[in-house]
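Residue numbers (the numbering used here): 47 to 213.
No residue lacks a Cβ here, since even glycine has one placed at the ideal position from N, Cα and C.
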Amino acid sequence: MSEPGSSTEIVQRGLYYDELEVGARYLHRPGRTATETDNVLFSSLTMNAQALHLDAAYSAAQPFGQRLMNSMWTLATMVGASVSQITQGTLVAQLGLTDVSFPAPLFHGDTLYTETEVVSKRPSASRPGQGIVTLRHTGRNQHGEVVARATRTALMWCTPDTPEETP
C-alpha cells in the first residue's frame, strides 16, 4: 500500500517467459479497422505495387470484386496487436514465423481482431535467463471469420532474479 499523498507507478509490460502458460489464449482488444489509407500507404512503403491492393477498377473485375488488404499488413498488424499484452519489454528477439496463411480475404472497412495462444515453451539451452516460446496468432474479421494465421517463435526474458525451469 502507498503512503498517503504518494502515487504508485506501474509500468506497462508484456509477460516474462515464466509468466506464460502453455495453452493460455490472449484476446487482444481493441480490434483494428483496416482503412484504404492503411492499404495504400503500407503497399507503397513496402514497394508492393500489386494491383489487387491499389487499383480499384482492376480489382473490381477480379474474383473478390474489390481491393484486398495487403496480407503483409494483416500479418504485421496481427503480430503488433499482441505486443503490449505479451512481449512489450520482455522480448529478446523474434526468431521466426512459420505456417503463415490467409484463409479468407480482409477488405477496407473490415475490423481485424487478434488472439494469441501459447503453444509451447522451453528454457534456452544457450542463453541463461531466457526462454523460447512458440505463439500461434489468429486474426478474425468482425464476423468471426479467420483471415490470417501465423506461428511465431520468440526468445523471451525470464523474470529477473527468478530461477529458470530445469529442462
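Could you tell me the boundaries of the alpha helix (DSSP H) in which residue i lies?
{"i": "leucine 73", "result": "That residue, leucine 73, is in no alpha helix (DSSP H); its beta strand (DSSP E) goes 71-79."}
{"i": "glutamate 82", "result": "82-91"}
{"i": "leucine 100", "result": "97-100"}
{"i": "serine 130", "result": "Where serine 130 is concerned, there is no enclosing alpha helix (DSSP H), given that its DSSP letter is neither H nor E."}
Rounded to a whole number of angstroms, what is the C-alpha to C-alpha distance between residue i and residue j?
{"i": "glutamate 82", "j": "leucine 114", "result": "10 Å"}
{"i": "asparagine 116", "j": "histidine 183", "result": "17 Å"}
{"i": "proline 213", "j": "leucine 201", "result": "In this prediction, proline 213 has a pLDDT of 49, which is less than 50 and means its spatial position is unreliable; what the coordinates show is noted afterwards. Distance between the alpha carbons of proline 213 and leucine 201: 16 Å."}
{"i": "valine 229", "j": "glycine 185", "result": "An answer regarding residue 229 cannot be provided, because it is not within the stretch 47 to 213 covered by the chain."}
{"i": "asparagine 94", "j": "glutamine 140", "result": "24 Å"}
{"i": "glycine 111", "j": "serine 105", "result": "6 Å"}
Which word fits residue i, buried or exposed, when buried means at least 16 other C-beta atoms lie within 10 angstroms of its C-beta?
{"i": "proline 132", "result": "Note on identity: in this sequence residue 132 is isoleucine, with proline being the wrong assignment. Result: buried."}
{"i": "histidine 99", "result": "buried"}
{"i": "methionine 124", "result": "buried"}
{"i": "leucine 158", "result": "buried"}
Roughly how far, in whole angstroms, is the beta-carbon of residue i from the beta-carbon of residue j, given that I think they are within contact range, below 8 Å?
{"i": "threonine 216", "j": "histidine 74", "result": "No answer is possible for residue 216: the residues shown for the chain start at 47 and end at 213."}
{"i": "alanine 178", "j": "serine 172", "result": "The sequence given here places isoleucine at residue 178; alanine does not occur at that position. Rounded, the Cβ-Cβ distance is 10 Å, inconsistent with contact."}
By the DSSP assignment, the beta strand (DSSP E) with residue i in it spans what residues?
{"i": "threonine 197", "result": "192-203"}
{"i": "alanine 150", "result": "Neither: alanine 150 is in no beta strand (DSSP E) and is coded neither H nor E."}
In terms of alpha-carbon separation, which member of the options lies closest to residue i?
{"i": "alanine 144", "options": "Thr199, Gly77 and Gln58", "result": "A small fix is needed here, since residue 144 is threonine in this sequence, not alanine. Considering only alpha carbons, the answer is Thr199."}
{"i": "leucine 121", "options": "Pro76, Ala139 and Leu152", "result": "Leu152"}
{"i": "glutamine 134", "options": "Leu141, Trp203, Asp64 and Ala150", "result": "Trp203"}
{"i": "threonine 92", "options": "Ala80, Glu67, Val193 and Met118", "result": "Met118"}
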